[in-house]
Amino acid sequence: MDELPFLVVLIRRLRAVAVWIVAVIFAVLLYFDFTEDEYVAAVLTSVFIFLIFVIVVTIIFKKFFSDNSKDKE
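FYI, my numbering numbers position 28 of the sequence shown as 512, with every residue one higher than the one before it.
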């Protein structure tokens, strides 16, 4: 069982796509709200920075703590 089931791969890809869609929506909202309301822009900036932080931590976690079956052999 070297390969994951199709459904698991599909769910992982859909989750990644959803994260990028949310990031793009926040970026667009931040761009349009920055000129209108500084408070909303500040909140969106915080959310956007948090989202980027989560993505970076996820990438780092996958790089250093991946569960490779090759390492166990």
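Note that the Cβ used here is the ideal one computed from N, Cα and C, for glycine as well.
For leucine 535, the uninterrupted alpha helix (DSSP H) segment begins and ends at 522-548. Across the set Glu522, Leu494, Val503, the C-alpha of Val503 shows the shortest separation from the C-alpha of isoleucine 539. Leucine 488 carries a coil assignment under DSSP once its states are collapsed to helix, strand and coil. Per the Cβ contact rule, the region 494-501 is not in contact with the region 511-526 (fewer than 3 Cβ pairs under 8 Å). When only Cα atoms are considered, isoleucine 495 and valine 508 end up about 20 Å apart.
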